[in-house]
Amino acid sequence: MSADAPLERRAVISGIGQSAVGRRLGRSDLDLTVEASLRAVADAGLTRDEIDGLATYPGMGSGTPGFAGPTTPDVQDALRLRLNWHDGGGEGPGQMRAVIAACLAVGAGLARHVLVYRTVTESTAQGSGGRQGIGGGGGSGKLPRFSGFLQWTLPFGAVSAVNWIALVAQRRMHEFGLTREQLGEIALNGRRNAAANPAAIYREPLSMEDYLAARTISSPLCLYDCDAPCDGATALVVSHVDYAADAPHPACQVNAVGTALRGRPSWDQFDDMTTMAARDAGASLWERTELTPGDVDVAELYDGFSILAMVWLEALGFCGRGESGAFVEGGRRIALDGELPLNTAGGQLSGGRLHGFGLLHEACLQLRGEAGDRQVPGDPEVAAVANGGGPIAGAMLLTRAR
Amino acid sequence: MTASGPPIRLLPRTDGEGGFFWTSGADGRLRFLHCADCGRLAHPPAPRCPSCLSPDVAPRPVSGRATVHSFTVNHQQWIPGADPYVVALVTIDEQPDVRLTTNLVGVDDGEVRIGMPVEVVFEQHEEVFLPLFRPLGEEARPLGEKDSDPTLPPTGGTGDRGPR
Numbered sequence: 053m054s055a056d057a058p059l060e061r062r063a064v065i066s067g068i069g070q071s072a073v074g075r076r077l078g079r080s081d082l083d084l085t086v087e088a089s090l091r092a093v094a095d096a097g098l099t100r101d102e103i104d105g106l107a108t109y110p111g112m113g114s115g116t117p118g119f120a121g122p123t124t125p126d127v128q129d130a131l132r133l134r135l136n137w138h139d140g141g142g143e144g145p146g147q148m149r150a151v152i153a154a155c156l157a158v159g160a161g162l163a164r165h166v167l168v169y170r171t172v173t174e175s176t177a178q179g180s181g182g183r184q185g186i187g188g189g190g191g192s193g194k195l196p197r198f199s200g201f202l203q204w205t206l207p208f209g210a211v212s213a214v215n216w217i218a219l220v221a222q223r224r225m226h227e228f229g230l231t232r233e234q235l236g237e238i239a240l241n242g243r244r245n246a247a248a249n250p251a252a253i254y255r256e257p258l259s260m261e262d263y264l265a266a267r268t269i270s271s272p273l274c275l276y277d278c279d280a281p282c283d284g285a286t287a288l289v290v291s292h293v294d295y296a297a298d299a300p301h302p303a304c305q306v307n308a309v310g311t312a313l314r315g316r317p318s319w320d321q322f323d324d325m326t327t328m329a330a331r332d333a334g335a336s337l338w339e340r341t342e343l344t345p346g347d348v349d350v351a352e353l354y355d356g357f358s359i360l361a362m363v364w365l366e367a368l369g370f371c372g373r374g375e376s377g378a379f380v381e382g383g384r385r386i387a388l389d390g391e392l393p394l395n396t397a398g399g400q401l402s403g404g405r406l407h408g409f410g411l412l413h414e415a416c417l418q419l420r421g422e423a424g425d426r427q428v429p430g431d432p433e434v435a436a437v438a439n440g441g442g443p444i445a446g447a448m449l450l451t452r453a454r
Numbered sequence: 014m015t016a017s018g019p020p021i022r023l024l025p026r027t028d029g030e031g032g033f034f035w036t037s038g039a040d041g042r043l044r045f046l047h048c049a050d051c052g053r054l055a056h057p058p059a060p061r062c063p064s065c066l067s068p069d070v071a072p073r074p075v076s077g078r079a080t081v082h083s084f085t086v087n088h089q090q091w092i093p094g095a096d097p098y099v100v101a102l103v104t105i106d107e108q109p110d111v112r113l114t115t116n117l118v119g120v121d122d123g124e125v126r127i128g129m130p131v132e133v134v135f136e137q138h139e140e141v142f143l144p145l146f147r148p149l150g151e152e153a154r155p156l157g158e159k160d161s162d163p164t165l166p167p168t169g170g171t172g173d174r175g176p177r
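Just so you know, the protein sequences line up as chains A and B, in that order. Those letters in the first sequence? Residues 53 to 454, by my numbering. Those letters in the second sequence? Residues 14 to 177, by my numbering.
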C-alpha cells in the first residue's frame, strides 16, 4: 500500500458474528451483544484478550426504547476487555460511523483488533403494541416541550421517520415519475432473498398484489415499505490489514469509506429532498478509490424504508439521478443472479431491522463465499454497503482480500 | 376527508432562539429571521446570518404564502383512533430554500398536490401559534369550534379542539 493511500485501507474485517435474530426474543441487549461478539471474535481466530478496541453506534441513551443497545462500558465490563481505544456515539456518517472510526483507529495504530457491534431490541421493547413515534404517544398529564430538530416536526404530527421519508418518496413520484410498483420491487426482492436466509424475520412469499393491497402507513409508503423491527446483535472485528493472512476466514478489505455531508444537516432543509445526505456520502466514496460502480458485484443498501434503497442506488452511481425506478423495474437486474444483486439476505424489510449492521454482515458473507443458498454466483469480489437516510448517510466499499 | 391535523399537538419550547417563530402568529403574521446585510432569511433561527455571518439579524414578517414542495397523508395511528392527517413540506414564497414542515388544513386530503399555492393560518395552543397552511384564497372551513377562528384564545388543554 502506498503511503498516500486512504488510511481505511489499513483495515480489514477479519471476523463477523450475529446473535439470535427474531421477534420478541425477550433477551437483554447485553446478552445478545455478548453472544454476537464472542462469535465474531472466534470467527476472526482471536480470543478476547487480543481485542484492544471497542466501538458502537449510537451509544448511551439514544432514541426510542430498544434502539440503542448496550453502551461500550457495559460491553467492556461484561467481557472484561482491556482496551487501548474505545468509542460510542451517534453523530457521524450514519450507523457506519462506528466501523469507520474503528478503521481509522486501526490505521492510526490506536488499536489492532477492534470489536464493533450494533444491537437492537426494538421488537421486545415494542411488545404487542405498534411501533412508536418519536416523542411518545401523548397519554395523560403535562406533555414535554421540544427543542432542536424535533420542534420543527413533532408539533405537526410528523412523529416518525416514516413521515419524513414519505415526503422524499412523494417528491420522487412528482419529479421522476416513480411508481408504487417500482417501490414494490425493493420489497419483493428482499422477500425473495429472505426465503434463503434462515435468520430472516419474514420468509413467506410476497406478491405485487399483496404489496399494493397493504395498508398505508404514511402515503405513498405502505406497511411493506417499512422495515421489520426485531431483536438482534451484529458484531464485527476490524483488524489491521497485516492480520489478514492469519485470519481463518477470507478477510474483507476496506477499500474506501464515504462520509461527506455537504448539504444542510436537516430532514427538511436539505437542498435536494430527493436525495439528501446519501448523495454526498456516495460521491465522497468514489473520490477515495480507483474502483467504479461497474466493479461492484453485490450491493447491500440501507432499506429502513424501501425508498432509501432506491436513493442509494442513484447516490452510489449504479444509475442516474431519478432513474432507480426504471433500474429496478421487473426485479431482474437486482436479483441474486442479476447484474447488481441487492440486499441478498432480505435487507431490513424482510431480514429484520438490524440497523445497517445486518447489511455489513451479509456483505462479508458474500465476499467470503459463505452465503449458502443465497450466495451470489461468480465469486463476488467487490461489495458496496450503505447505511442511513435523510441527513444521515455513510457508505463503504469492501473487497475480498488477496 | 377534510384534513385538519394530528389528534395531539406536541409543542415546541418558546424560550430559545426559535421562540419568536412560535409566538409570531399572535398578531397573525409569520416571521423569519432576516439579515439586514445580505437580505436573506435564515431558518431555523441562528445567532448570525448563516449566509454572510452578519450579526445584524432580526425577525421580519413575510406574506405567509407558500408552495407545497411535498406531502404525505399519515394513516398510522400513533394514537389509537386518530384520523388521517396531511403533513406537508412547504417553501416560503419570499425564499424557496426556506421550508416548513407543517399540516395542510381545510383541503380534502385527496386533492393535495405538489406545487399547490397555500397560505398560513395559525392554530393557538397556550402561547404557541402553530403555522398551518390552507389552499391560497380559500376561507377557512370550520374544522372545529376552535379552528373556525384561528385568532381565538385557547379554550382547553393541548390538542383539545372540540368535535369535528
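Glycine included, C-beta positions come from ideal geometry on N, C-alpha and C.
Item to check | Reduced DSSP category for ALA218 (chain A) - H, G, I as helix; E, B as strand; rest coil | outcome: helix
Next on the checklist: Below 9 Å on C-beta distance, what does LEU143 (chain B) contact in chain A?
Outcome noted: PRO207 and PHE208
Checklist entry - Which value, in whole angstroms, describes the spacing of the CA atoms of GLU143 (chain A) and GLY97 (chain A)? => result 31 Å
Next on the checklist: For VAL172 (chain A) and HIS413 (chain A), what's the separation of their Cα atoms in angstroms?
Outcome noted: 15 Å
Checklist entry - Name the DSSP bridge partner or partners of PHE146 (chain B)? => result B:LEU117 and B:VAL133
Item to check | Near-chain A residues of the segment 106 to 123 of chain B - C-beta to any C-beta below 9 Å | outcome: ASP110, VAL111, ARG112, LEU113, THR114, THR115, ASN116 and ASP122
Item to check | Chain-order list of residues whose beta-carbon lies under 6 Å from that of THR99 (chain A) (same chain, five-residue window excluded) | outcome: none
Next on the checklist: Am I right that ARG452 (chain A) and CYS304 (chain A) are in contact with their C-beta atoms under 8 Å? What's the rounded C-beta distance?
Outcome noted: 7 Å
Checklist entry - Thinking C-alpha only, which one of A:ALA150, A:VAL363, A:GLY146 and A:ALA130 is nearest HIS138 (chain A)? => result A:ALA150
Next on the checklist: Rounded to whole angstroms, what is the Cα-Cα separation between ASP162 (chain B) and VAL81 (chain B)?
Outcome noted: Reliability of the predicted coordinates at ASP162 (chain B) is poor, the pLDDT of 39 falling under 50, and no value is obtained from them.
Item to check | Where GLY189 (chain A) sits in the DSSP three-state scheme | outcome: Note on GLY189 (chain A): pLDDT 45, under 50, position unreliable in the model; the coordinate value appears next. It is coil, neither helix nor strand.
Checklist entry - Per DSSP, which one or two residues make a beta bridge with ALA525 (chain A)? => result For chain A, the structure presents residues 53 to 454; residue 525 (chain A) sits outside this window and is missing.
Checklist entry - Mind pulling the chain E residues with CB within less than 8 Å of VAL86 (chain B)? => result Although the question refers to chain E, the structure presented lacks it and instead comprises the protein chains A and B.
Item to check | Coil, strand or helix - SER33 (chain A) by DSSP | outcome: Past the edges of chain A, shown from 53 to 454, lies residue 33 (chain A), and the structure says nothing about it.
Checklist entry - How would you list, in chain order, the residues of chain B whose beta-carbon sits under 8 Å from the beta-carbon of GLN222 (chain A)? => result SER83, PHE84, THR85 and ILE127
Next on the checklist: Spatial neighbours of GLY150 (chain B) within its chain, please: C-beta separation below 7 Å, excluding the five flanking residues on both sides.
Outcome noted: none
Checklist entry - Can you list, in chain order, the stretches of the beta strand (DSSP E) that have 3 or more residues and sit fully within the segment 18 to 89 of chain B? => result 43 to 48, 70 to 75 and 78 to 87
Item to check | GLU366 (chain A) classed as buried or exposed, judged by whether at least 16 other C-beta atoms fall within 10 angstroms | outcome: buried
Checklist entry - Which value, in whole angstroms, describes the spacing of the CA atoms of ALA153 (chain B) and ARG147 (chain B)? => result Any reading at ALA153 (chain B) must be qualified, since the residue scores a pLDDT of 47, below 50, and its modelled position is unreliable; no value is offered.
Checklist entry - Any C-beta of chain A sitting closer than 8 Å to the C-beta of ALA153 (chain B)? => result The predicted position of ALA153 (chain B) is uncertain, since its pLDDT is 47 and thus under 50; no value can be drawn from it.
Checklist entry - Is ALA435 (chain A) closer than 8 Å to THR85 (chain B) when the C-beta atoms are compared? => result no
Checklist entry - Is any beta-carbon of chain A found at less than 8 Å from that of ARG22 (chain B)? => result yes
Checklist entry - Going by the CB atoms, is the gap between PRO250 (chain A) and VAL350 (chain A) shorter than 8 Å? => result no
Checklist entry - If you count every other CB in all the chains shown that lies within 10 Å of the CB of LEU411 (chain A), and 16 or more means buried, which is it? => result buried
Next on the checklist: Tell me the DSSP secondary structure of THR108 (chain A) in three-state form.
Outcome noted: strand
Next on the checklist: I'd like the list of long-range same chain contacts for GLY18 (chain B), defined as Cβ closer than 6 Å, with 5 residues on each side in sequence excluded.
Outcome noted: TYR98 and ASN116
Item to check | Cut-off 7 Å between Cβ atoms - residues of its own chain near GLY146 (chain A), not counting five sequence neighbours on either side | outcome: GLY408, ASN439, GLY440, ILE444, ALA445 and GLY446
Item to check | Span of the alpha helix (DSSP H), counted from its first residue to its last, around TYR263 (chain A) | outcome: 260 to 265
Next on the checklist: Buried or exposed, going by whether 16 or more other CB atoms sit within 10 Å of the CB of GLY94 (chain B)?
Outcome noted: exposed
Checklist entry - Cα separation between TRP338 (chain A) and ASP28 (chain B)? => result 44 Å
Item to check | GLN70 (chain A), buried or exposed, once every other Cβ within 10 Å from all chains shown has been counted against 16 | outcome: buried
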